[in-house]
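Novice: The structure's right below; bear with me while I get my questions together.
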Amino acid sequence: MDERDVRLLKAIADLGTGSPEKLHEATGIPVSTIHYRLNNLKDDGVIENDLYDIDLEAFGLGVTVVIEVLADYSGPYEEVGNELLEIEGVTQLYFTMGETDFIVIAHLADSDRVERLINDFEAIPEVDRTNSTFVISTMRDSHRALQSYTLETLLDELGIDG
């Protein structure tokens, strides 16, 4: 994998599409080269399917960390949340009720990067402390929540007659 592959994968993530024409517009990489590289990324297992899901471990971001962030803030929680979202590696952020204010999911290249991530969090004045948990094994990680339901259950849950 090289810089062009990373640019393509980043563009796919940003644009939400694998359209070679749109990727060409975003990256300036020729359409024929995009086709060739996407096929190679599929063959290498980095792109898992035609929906352009990226295997983060194959890509090089194999360390997943779940971080609880306890904060002390007087303004809207969105202000602190937006600062947390600016930190590289943060892929998911949840504002929660209870002792923990935010739950962060981060995907990093290696365990050494966790220290940088935590230092970045703690540089935010409103952050009091963090509690980090390394993920040992991912049991399910799907952005397609509908896959965990049967069609019948979805129709029932949504009150739609089937």
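Note that the UniProt record's numbering gives residue 36 to position 36 of the sequence shown, counting from 1, and the numbers run on in steps of one.
Think of the CB as a built atom: it goes at the ideal place given N, C-alpha and C, for glycine as much as any other residue.
Predicted, not measured: the structure shown is a model, and the values here were computed from it.
Would you check if the distance between the CB atom of residue 108 and the CB atom of residue 81 is smaller than 8 Å?
Specialist: For residue 108 and residue 81, no; Cβs fall outside 8 Å.
Novice: Count the CB pairs spanning the stretch 88 to 102 and the stretch 42 to 50 that are closer than 8 Å, and state whether there are at least three.
Specialist: Output reads no: the stretch 42 to 50 does not touch the stretch 88 to 102.
Novice: Quick one, are the C-beta atoms of residue 84 and residue 102 less than 8 Å apart?
Specialist: Their beta carbons are under 8 Å apart, which means residue 84 touches residue 102 by this criterion.
Novice: Could you please give the first and the last residue of the uninterrupted alpha helix (DSSP H) stretch that includes residue 39?
Specialist: Segment 31 to 43, the alpha helix (DSSP H) holding residue 39.
Novice: Short check: CB of residue 51 to CB of residue 34, under 8 Å?
Specialist: No. Outside cutoff.
Novice: Could you tell me which of 46, 15, 105, 13 sits nearest to residue 2, measuring between CA atoms?
Specialist: Looking at the Cα atoms, 46 is the closest of the given residues.
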